[in-house]
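Colleague: First, the structure itself, so that you have it in front of you.
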Amino acid sequence: MRILFMGTPDFAVPCLNRLLADGHEIVGVLTQPDKPQGRKMKLTPPPVKSLALEHGLSVYQPETLKNGAIQELLDETRPELIVVVAYGKLLPGYVLDYPAHGCINVHGSLLPRWRGAAPIQWSVIAGDRYAGVTTMQMARGLDTGDMLLTCRTEIGARETAGELFDRLAEAGAALLSETIAKLGEITPVPQDEKLASYASMLDKELAVIDWSKSMRELDCLIRGLNPWPVALTTLDGRRMKVYAAEPETHRGQPGEVLEADAKKGLLVACGDGALRLTEIQMVGGKRMNACDYLRGHAVQEGTILGA
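Residues in the sequence shown are numbered from 125 upward in steps of one, following our numbering.
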């Protein structure tokens, strides 16, 4: 099938790889413009662009899709199907209506549970038991189209958003392959609007730990924000990122360091329990095991994190 692929981040890479492996004709790849990254702000191509160029595919990086910006491209490539995986922009009507088989989206959520930019991270942050991937026939609106196929998986008790992201990216590729193979046989299912939640983009404001919240809430937050933007607090006035922690049943004042042991790590009280911080990073320092940090830095019990 003649397919125009639209995707940008790592999550979309397995899907493009699978389309190539399945023998589809990829008539073009649309992805977001290169962006500056790192301390040196080096202009860096999106992962999908890098993969596309490796396979000699034509890559397009329009700043906008509005006002018929890619109409000429559609007329030149004549796609029978458009596949969208975490592209990063809403598709206007002229794009949605162009291909004979419509536009299929691979979305990292058991729709309609999480719509929006960060469904995988929010499924962990919210403490959901299950996550998954849905293929849907795209419509005008944010992730509102009729559902085609779904793939469901249980979220591991200690699984981070990054780990779940990698699993669902591979699951999404397999689901996309199955969906295309069964096009015409699948009966689309409308989403129940009453069950929809919005998975907003993550930001550093969300990352600040409120130690008065429950042990369960903070455990999910820390795992859901790993690897980005990473949960954040302060220790003796210095910013500290928290990459990993383990729930425990101790009690104390929220944010209070109950134990600072080079063999066990930092035990910090929450609203209804405690978290043993196991992997941290101080501002300007390296990411490390909390025990290793404590071997070189004394932390007094009774210290209040986030003060």
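Heads up, the beta-carbon is just placed ideally off N, CA and C, and yes, glycines get one too.
1) Go through the region 189-267 residue by residue and report every complete run of the beta strand (DSSP E) that reaches 3 residues or more, in order.
2) Given M130, which residues of its chain have a CB within under 6 Å of its CB, disregarding the five upstream and five downstream residues?
3) Taking K328 as part of the beta strand (DSSP E), name the residues at either end of that continuous run.
4) Between which residues of its own chain and V151 is the CB-CB distance below 8 Å, once the five residues before and five after are set aside?
5) I need the boundaries of the alpha helix (DSSP H) containing F129, first residue and last residue.
6) According to the Cβ coordinates, are T311 and V381 closer than 7 Å?
7) Quick check: what's the CA-CA separation for A393 versus L189?
8) With DSSP collapsed to three states, give me the class of C275.
9) Rounding to the nearest angstrom, what Cα-Cα distance links R239 and L326 in this structure?
10) Take the Cβ of W335 as the centre, count every other Cβ of all protein chains shown within 10 Å, and call the residue buried at 16 or more, exposed below.
11) Tell whether a beta-carbon distance below 7 Å holds between T358 and I333.
12) Which residue comes first and which comes last in the alpha helix (DSSP H) that contains R419?
13) Out of Q405, A386 and G397, state which residue places its alpha-carbon closest to the alpha-carbon of K365.
14) Would you give the residue range spanned by the alpha helix (DSSP H) that I346 belongs to?
15) For the candidate residues G147, P186, V219 and K337, whose alpha-carbon lies nearest to that of A263?
16) What is the C-beta distance between L205 and H225, in whole angstroms, given that I count them as a contact (C-beta under 8 Å)?
17) Which residue from K337, N191 and L401 puts its Cα closest to that of V423?
18) Name the DSSP bridge partner or partners of R362?
19) If you draw a straight line from the alpha carbon of H374 to that of G395, how long is it in whole angstroms?
20) Here's the rule I'm using: 16 or more other beta-carbon atoms within 10 Å means buried, otherwise exposed. How should S233 be labelled?
21) When you compare only the Cα positions, how much space is there between P138 and T168?
22) Out of M271, Q377 and E317, point me to the one whose CA is closest to T259's CA.
23) Of all the options V354, I194 and G389, which has the alpha carbon lying nearest to the alpha carbon of P371?
24) Just mark K103 as buried or exposed, buried being the case when its beta carbon has 16 or more other beta carbons within 10 Å.
25) Rounded to whole angstroms, what is the Cα-Cα separation between F135 and V248?
Modeller: Put simply:
1) Fully enclosed beta strand (DSSP E) runs of 3 or longer: 205-209, 227-231, 238-240 and 254-261.
2) Walking along the sequence shown from the start, residue 130 turns up at place 6. Same-chain partners within the cutoff: L154, V208 and Y211.
3) Mapped onto the sequence shown, residue 328 falls at position 204. Looking at the DSSP string, K328 is not in any beta strand (DSSP E); the run it does join, the alpha helix (DSSP H), is K328 to A331.
4) Against the sequence shown, residue 151 aligns to sequence position 27. Around V151: R126, I127, L128, S182, T201, R202 and P203.
5) Residue mapping note: residue 129 aligns to position 5 of the sequence shown, counting from 1. That residue, F129, is in no alpha helix (DSSP H); its beta strand (DSSP E) goes R126 to G131.
6) In the sequence shown, residue 311 corresponds to position 187, counting from 1. In the sequence shown, residue 381 corresponds to position 257, counting from 1. In this structure, T311 sits away from V381, with a CB-CB distance that is not shorter than 7 Å.
7) Residue numbering aside, residue 393 sits at position 269 when the sequence shown is read from its first letter. Residue numbering aside, residue 189 sits at position 65 when the sequence shown is read from its first letter. Rounded to whole angstroms, A393 to L189 spans 49 Å at the Cα level.
8) Here residue 275 refers to the residue found at position 151 of the sequence shown. Judged by DSSP in its simplified three-state form, C275 adopts strand.
9) Here residue 239 is taken as the residue at index 115 of the sequence shown, counted from 1. Here residue 326 is taken as the residue at index 202 of the sequence shown, counted from 1. Rounded to the nearest whole angstrom, the CA to CA distance from R239 to L326 is 14 Å.
10) As a position in the sequence shown, residue 335 is number 211, starting the count at 1. Burial of W335 is indicated by the presence of at least 16 other C-beta atoms within 10 angstroms of its C-beta.
11) In the sequence shown, residue 358 corresponds to position 234, counting from 1. In the sequence shown, residue 333 corresponds to position 209, counting from 1. Taking 7 Å as the Cβ cut-off, T358 and I333 do not qualify as a contacting pair.
12) As a position in the sequence shown, residue 419 is number 295, starting the count at 1. Boundaries of the alpha helix (DSSP H) around R419: A414 to G420.
13) Here residue 365 refers to the residue found at position 241 when the sequence shown is read from its first residue. The closest CA to that of K365, considering only Q405, A386 and G397, is found on Q405.
14) Taking the first residue of the sequence shown as 1, we reach residue 346 at position 222. Segment M339 to G348, the alpha helix (DSSP H) holding I346.
15) Stepping through the sequence shown from its first residue, residue 263 is reached at position 139. If we check each option's Cα against that of A263, V219 comes out closest.
16) The residue you call residue 205 lines up with position 81 of the sequence shown. The residue you call residue 225 lines up with position 101 of the sequence shown. Right, their Cβ atoms sit about 4 Å apart.
17) Walking along the sequence shown from the start, residue 423 turns up at place 299. Ranking K337, N191 and L401 by Cα distance to V423 puts L401 first.
18) The count along the sequence shown starts at 1 and reaches residue 362 at position 238. In the DSSP output, where bridge partners are listed per residue, R362 has L359.
19) Within the sequence shown, the letter at position 250 stands for residue 374. Within the sequence shown, the letter at position 271 stands for residue 395. Distance between the alpha carbons of H374 and G395: 11 Å.
20) Translated into positions along the sequence shown, residue 233 becomes position 109. By the 10 Å Cβ count, S233 comes out buried.
21) Position 14 of the sequence shown holds residue 138. Position 44 of the sequence shown holds residue 168. About 20 Å.
22) In the sequence shown, the residue the question calls residue 259 occupies position 135. It is M271 whose Cα lies nearest to the Cα of T259.
23) Position 247 of the sequence shown, counted from the start, is the residue given in the question as residue 371. A check of alpha carbon separations from P371 across V354, I194 and G389 identifies G389 as the nearest.
24) Within the shown structure, residues of the chain are numbered from 125 to 431, placing residue 103 beyond reach of any answer.
25) Working through the sequence shown from its first residue, we reach residue 135 at position 11. Working through the sequence shown from its first residue, we reach residue 248 at position 124. Their backbone Cα atoms lie some 17 Å apart in a straight line.
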